[in-house]
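Visitor:
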Amino acid sequence: MKRVLVIDDEPLARMVVLEYLQDFKDQLEVLQECGDGFEGLKAIQLHNPDLIFLDVQMPKINGFEMLELVENAPSVIFTTAFDEYAIKAFETHAVDYLLKPFTKDRFNKAVEKFLSQAPATQPVKQTENLLAAASQSPAQHERIVVKTGTKVKIIPVNDVEYLEADDDYVSVHTAEGSFLKNKTMSFFEQTLDPSQFVRVHRSYILKVQNITRIDPYEKDAHIAILKSGAKIPVSKTGYVKLKQVLGI
Amino acid sequence: MANLSNTFSKVRIAFISGGIVWGLLITYLVHSFEFAWYVAFFDGSICTVLLGAACWLINNNLRYYQPGKDSYINLLFWCLALTAAATFGARWLLPFVVNNTAYTNFLIKSITIRFFTNFLAIGWMALISMIWYSQLDQKENEKRKVEAEKLARDAELYNLRQQLQPHFLFNSLNSINALIGFKPDEARKMIHQLSDFLRGTLKKDDQQQVTLTDELSHLQLYLDIEKVRFGHRLKTEISCDDKCETAILPPMILQPIVENAIKFGLYDTTESVTVSIRSEIEDGYLTITIQNPYDPKTARPRKGTGFGLSGVQRRLYLLFARTDLVETYADDNIFTTIIKIPQL
Chain C
3 MKRVLVIDDE PLARMVVLEY LQDFKDQLEV LQECGDGFEG LKAIQLHNPD
53 LIFLDVQMPK INGFEMLELV ENAPSVIFTT AFDEYAIKAF ETHAVDYLLK
103 PFTKDRFNKA VEKFLSQAPA TQPVKQTENL LAAASQSPAQ HERIVVKTGT
153 KVKIIPVNDV EYLEADDDYV SVHTAEGSFL KNKTMSFFEQ TLDPSQFVRV
203 HRSYILKVQN ITRIDPYEKD AHIAILKSGA KIPVSKTGYV KLKQVLGI
Chain X
50 MANLSNTFSK VRIAFISGGI VWGLLITYLV HSFEFAWYVA FFDGSICTVL
100 LGAACWLINN NLRYYQPGKD SYINLLFWCL ALTAAATFGA RWLLPFVVNN
150 TAYTNFLIKS ITIRFFTNFL AIGWMALISM IWYSQLDQKE NEKRKVEAEK
200 LARDAELYNL RQQLQPHFLF NSLNSINALI GFKPDEARKM IHQLSDFLRG
250 TLKKDDQQQV TLTDELSHLQ LYLDIEKVRF GHRLKTEISC DDKCETAILP
300 PMILQPIVEN AIKFGLYDTT ESVTVSIRSE IEDGYLTITI QNPYDPKTAR
350 PRKGTGFGLS GVQRRLYLLF ARTDLVETYA DDNIFTTIIK IPQL
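The listed protein sequences correspond, in order, to chains C and X.
Using our numbering, you'd call the opening residue of the first sequence number 3 and step up by one each time.
Using our numbering, you'd call the opening residue of the second sequence number 50 and step up by one each time.
#1: Can you tell me where the alpha helix (DSSP H) with D380 of chain X in it begins and where it stops?
#2: Give, in chain order, every residue of the stretch 306-320 of chain X whose Cβ lies closer than 8 Å to some Cβ of chain C.
#3: How would you call V195 of chain X, buried or exposed, if buried means at least 16 neighbouring beta carbons within 10 angstroms?
#4: Under the rule that 16 or more other beta-carbon atoms within 10 Å means buried, what is T193 of chain C, buried or exposed?
#5: Measuring straight from C-alpha to C-alpha, what distance separates P215 of chain X and L222 of chain X?
#6: Smallest Cα separation from P342 of chain X: which of X:Y378, X:D273, X:L374?
#7: Can P391 of chain X and G357 of chain X be called in contact, C-beta distance under 8 Å?
#8: For the 8 Å Cβ check, are there 3 or more pairs between the stretch 229-243 of chain C and the stretch 189-206 of chain C?
#9: At a Cβ cut of 8 Å, what residues of the stretch 8-28 of chain C count as close to chain X, listed as they run along the chain?
#10: Is the beta carbon of C104 of chain X less than 8 Å from the beta carbon of A139 of chain X?
#11: Do V6 of chain C and L30 of chain C have their C-beta atoms closer together than 8 Å?
#12: My output table needs one value for K238 of chain X: the three-state DSSP class, helix, strand or coil.
#13: If L261 of chain X and L298 of chain X are in contact, beta carbons under 8 Å, what's the gap, nearest whole angstrom?
#14: Compare the C-beta of K209 of chain C against all C-beta atoms of chain X and say whether one is closer than 8 Å.
#15: Check whether the stretch 122-141 of chain X and the stretch 80-100 of chain X touch, using three or more Cβ-Cβ pairs below 8 Å as the test.
#16: Which chain C residues are close to S244 of chain X, counting only those with a beta carbon under 9 Å from its beta carbon?
#17: Of the residues that make up the stretch 218-230 of chain X, which ones have a beta carbon closer than 7 Å to any beta carbon in chain C?
#18: Where do the N-terminal and C-terminal ends of the beta strand (DSSP E) with S118 of chain C fall, by residue?
#19: Find the residues of chain X that neighbour P196 of chain C, judging by a C-beta separation of less than 7 Å, and give them in chain order.
#20: I'd like to know if D38 of chain C contacts chain X, where contact means its C-beta is closer than 8 Å to some C-beta of that chain.
#21: Specify the secondary structure class of V195 of chain X as computed by DSSP and reduced to three states.
#22: Quick one: measure Cβ to Cβ for S224 of chain X and E12 of chain C, integer angstroms, because I've assumed they're closer than 8 Å.
#23: Rounding to the nearest angstrom, what Cα-Cα distance links D344 of chain X and Q184 of chain X in this structure?
#24: Along the chain, where does the alpha helix (DSSP H) containing Y121 of chain X start, and where does it finish?
#25: P76 of chain C versus chain X: which residues are under 7 Å apart at the beta carbon?
#26: Given this structure, state the Cα-to-Cα distance separating L101 of chain C from M17 of chain C, to the nearest angstrom.
#27: Check the Cβ of F279 of chain X against every Cβ in chain C and list those closer than 7 Å, keeping chain order.
#28: Less than 8 Å between CB atoms is the rule here; does P61 of chain C satisfy it with respect to chain X?
#29: How many angstroms separate the CA atom of I326 of chain X from the CA atom of V375 of chain X?
#30: If we define contact as Cβ-Cβ less than 8 Å, is H216 of chain X a contact residue for chain C?
#31: Beta carbon of M187 of chain C, beta carbon of I207 of chain C: below 8 Å?
#32: Between L1 of chain C and D25 of chain C, what straight-line distance do the alpha-carbon atoms span, to the nearest angstrom?
#33: CA-CA distance, A394 of chain X and A370 of chain X?
#34: On the criterion of 16 or more Cβ atoms from any shown chain inside 10 Å, does N167 of chain X qualify as buried, or is it exposed?
#35: Of all Cβ atoms in chain X, is any one closer than 8 Å to the Cβ of F84 of chain C?
#36: Once the 5 residues before and after M50 of chain X are set aside, which same chain residues still bring their CB inside 8 Å of it?
Encoded structure:
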């Protein structure tokens, strides 16, 4: 028996999925329905399901942002109305995706695809790839969603002062403190606006607007002093990039 | 632009070198009547400078004023007047510089031929200038036309996309799909609401103003559909004075604003959401206030949907030539949009 969650903010949309799932009563057990990403996140942590049906556009945090916060991501079948960027991501990496409104046949096909998946398939890896592909969508670059304890914090990209590598995580520094995000430095280097954020060091990306001063430091290296007083090391190549962005 | 000023400086060089050649020719011609070189040179340079000034004047005149078909005769008079000024100016000036009776006689005798040569030169200048500037004008006009057409095309495309609203449409169809199974009556009702709404969006002509009652009843269809989709989470409050009912406004002007309000209300908070629409008439303006809750901390930068608002602003600008008809305020978790429609 595989365990399933249905996450969608529209009650009628959840109802369709539940109705269609009746045919798979013997193989799939619906644990819970969730009306937004927060509920979904809690439920995933609580139940550790095998499969989730997930809508993309939801209140507060969207489906992708919710998935980013999940540690051991389950297999995902997306249900969405229209999103050209997301569809590209689904095609390559989701178990399947259903475009609303979808037929029963189409739904059955998606579920059968999940059921017939080799047990060796690693949903975690698959979901990571999916998120990497979904990050191409411009909507994903406007904010960073992090978890602090049991709470979810949404950081608009504008509030970010600088990013610092921290083992397998990236520490996002803001005026309100710093938060850990399970992404790589190169992910942020690629997705953040390169005219605003510069990777000045192997372990640091900073927001150009926040610099108040750049001082020389030892040979070839520099130190950038931010408005908040933070001192960020700037490597030789980082300094070249920084000069390019600042136009000096 | 650099190209254009480049051509202008080329024209100037051509004009000056033409003048020099002209002056040298007159000098040679006068010298061939057995006057001293210096006398011939004075004659040549003074005549040429005066002629050049006349040509410059007519050219400048035509740059800013293109005569219509009926006023070519005016241009002829202009040319004659300028020719007379240049010719008799030289006739009056030269005797001061060259004190020589034989030369003065020669000057008086040659005045007719001088007049006609000058007239030909000035007429030719006028003709060239007219063609040159009307061609420039035409180029400018064509550019403007192309730009206007492009703008119109963009607006049309945007309108089409707005009308289709794929997200809204597909999600509504999905809700109907759900209702068919266990509440067929409601499904049927929603299909009717959806088709009424779509028909309403398609038949709207931008030039025709509609009454507030019509606009609000169309909006009500939209809100009813959204309420089915989002269930108890969405509430609406619509208040409208009796006086406002007959007020007029451009069709579909409220739609993008209410769409915005719902989107931000529903996607910025997880609680239930009340969108309120109030209208009143004051000092010849229909004022409509739309409010929705939002979360200032997590709201996405209003990039995507700002387009909807700026579209409304643009439309009102095109219709009323004013930019102060849309205002937005954000305070205490409430986002307020106010639009004013002048009542003519």
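Don't be surprised by glycine CBs; every beta carbon is placed ideally from N, CA and C.
Guide: From the atom records:
#1: Within the second sequence, numbered from 1, the residue matching residue 380 of chain X stands at position 331. In the DSSP assignment, D380 of chain X falls outside any alpha helix (DSSP H) and lies within the beta strand (DSSP E) extending over 375-380.
#2: The residues in question are L315, Y316, D317, T318, T319.
#3: Here residue 195 of chain X refers to the residue found at position 146 when the second sequence is read from its first residue. Classification for V195 of chain X: exposed.
#4: Numbered from its first residue, the first sequence carries residue 193 of chain C at position 191. Around the beta carbon of T193 of chain C, a 10 Å sphere encloses 16 or more other beta carbons of the protein chains shown; the residue is thus reported as buried.
#5: Walking along the second sequence from the start, residue 215 of chain X turns up at place 166. Walking along the second sequence from the start, residue 222 of chain X turns up at place 173. Taking C-alpha positions only, P215 of chain X is separated from L222 of chain X by approximately 10 Å.
#6: Along the second sequence, one-based indexing puts residue 342 of chain X at 293. Among X:Y378, X:D273, X:L374, the Cα nearest to that of P342 of chain X belongs to X:Y378.
#7: Position 342 of the second sequence holds residue 391 of chain X. Position 308 of the second sequence holds residue 357 of chain X. In this structure, G357 of chain X does not lie closer than 8 Å to P391 of chain X by Cβ.
#8: Contact between the stretch 229-243 of chain C and the stretch 189-206 of chain C is present, because at least three Cβ pairs lie under 8 Å.
#9: Cβ proximity to chain X below 8 Å picks out D11, E12, P13, L14, A15, M17, V18, E21 from the stretch 8-28 of chain C.
#10: One-based indexing of the second sequence puts residue 104 of chain X at position 55. One-based indexing of the second sequence puts residue 139 of chain X at position 90. Between C104 of chain X and A139 of chain X, the C-beta gap is not smaller than 8 Å, which leaves the two residues out of contact.
#11: Mapped onto the first sequence, residue 6 of chain C falls at position 4. Mapped onto the first sequence, residue 30 of chain C falls at position 28. A contact, by the Cβ cut-off of 8 Å.
#12: Along the second sequence, one-based indexing puts residue 238 of chain X at 189. In this structure, K238 of chain X counts as helix in the three-state DSSP scheme.
#13: On the second sequence, position 212 is the one that residue 261 of chain X refers to. On the second sequence, position 249 is the one that residue 298 of chain X refers to. About 6 Å separates the Cβ atoms of L261 of chain X and L298 of chain X, confirming a contact at the 8 Å cut-off.
#14: For the purposes of this step, residue 209 of chain C is identified with residue 207 of the first sequence, where counting begins at 1. Cβ-Cβ to chain X under 8 Å: no for K209 of chain C.
#15: Yes, since at least three Cβ pairs between the stretch 122-141 of chain X and the stretch 80-100 of chain X fall closer than 8 Å, the two stretches touch.
#16: Numbered from its first residue, the second sequence carries residue 244 of chain X at position 195. Per Cβ cutoff of 9 Å: no residues; S244 of chain X is ~16 Å from chain C at best.
#17: For the stretch 218-230 of chain X, the set of residues with a beta-carbon nearer than 7 Å to any beta-carbon of chain C comprises F219, N220, L222, N223, S224, N226, A227, L228, G230, in chain order.
#18: For the purposes of this step, residue 118 of chain C is identified with residue 116 of the first sequence, where counting begins at 1. It is not in any beta strand (DSSP E) - S118 of chain C instead sits in the alpha helix (DSSP H) that spans 106-118.
#19: Counting from one through the first sequence, the residue named residue 196 of chain C turns up at place 194. Here the premise fails: no neighbours, minimum Cβ distance about 18 Å.
#20: Taking the first sequence and counting its residues from 1, the one referred to as residue 38 of chain C is at position 36. For D38 of chain C, a Cβ of chain X is located within less than 8 Å of the residue's own Cβ.
#21: The sequence position of residue 195 of chain X within the second sequence is 146, counting from 1. If DSSP states are grouped into helix, strand and coil, V195 of chain X belongs with the helices.
#22: Counting from 1 along the second sequence, the entry for residue 224 of chain X is found at position 175. Counting from 1 along the first sequence, the entry for residue 12 of chain C is found at position 10. That belief holds up - the Cβ atoms of S224 of chain X and E12 of chain C are roughly 7 Å apart, short of 8 Å.
#23: To locate residue 344 of chain X, count along the second sequence from 1; it is residue 295. To locate residue 184 of chain X, count along the second sequence from 1; it is residue 135. Rounded to whole angstroms, D344 of chain X to Q184 of chain X spans 57 Å at the Cα level.
#24: Mapped onto the second sequence, residue 121 of chain X falls at position 72. Annotation for Y121 of chain X: the continuous alpha helix (DSSP H) segment containing it runs 121-146.
#25: Within the first sequence, numbered from 1, the residue matching residue 76 of chain C stands at position 74. In chain order: nothing, as chain X lies at least about 22 Å away.
#26: Within the first sequence, the letter at position 99 stands for residue 101 of chain C. Within the first sequence, the letter at position 15 stands for residue 17 of chain C. C-alpha separation (whole angstroms): 15 Å.
#27: For the purposes of this step, residue 279 of chain X is identified with residue 230 of the second sequence, where counting begins at 1. Here the neighbours are E12.
#28: Here residue 61 of chain C is taken as the residue at index 59 of the first sequence, counted from 1. Yes, P61 of chain C lies at the interface with chain X (some Cβ there is under 8 Å from its Cβ).
#29: Working through the second sequence from its first residue, we reach residue 326 of chain X at position 277. Working through the second sequence from its first residue, we reach residue 375 of chain X at position 326. For I326 of chain X and V375 of chain X, the gap between their C-alpha atoms comes out near 15 Å.
#30: Mapped onto the second sequence, residue 216 of chain X falls at position 167. For H216 of chain X, the answer is yes, since a Cβ of chain C falls inside 8 Å of its Cβ.
#31: Taking the first residue of the first sequence as 1, we reach residue 187 of chain C at position 185. Taking the first residue of the first sequence as 1, we reach residue 207 of chain C at position 205. Contact: yes.
#32: Not covered by the structure: residue 1 of chain C. The range shown for chain C is 3 to 250.
#33: This structure cannot speak to residue 394 of chain X, because chain X is shown only from 50 to 393.
#34: Residue mapping note: residue 167 of chain X aligns to position 118 of the second sequence, counting from 1. Classification for N167 of chain X: buried.
#35: Locating residue 84 of chain C in the first sequence gives position 82, where the first residue counts as 1. Yes, its Cβ sits closer than 8 Å to a Cβ of chain X.
#36: Working through the second sequence from its first residue, we reach residue 50 of chain X at position 1. Interpretation of M50 of chain X is limited by its pLDDT of 45, a score under 50 that renders its predicted location unreliable; the figure taken from the coordinates is listed afterwards. Closer than 8 Å at Cβ, skipping near neighbours: no residue.
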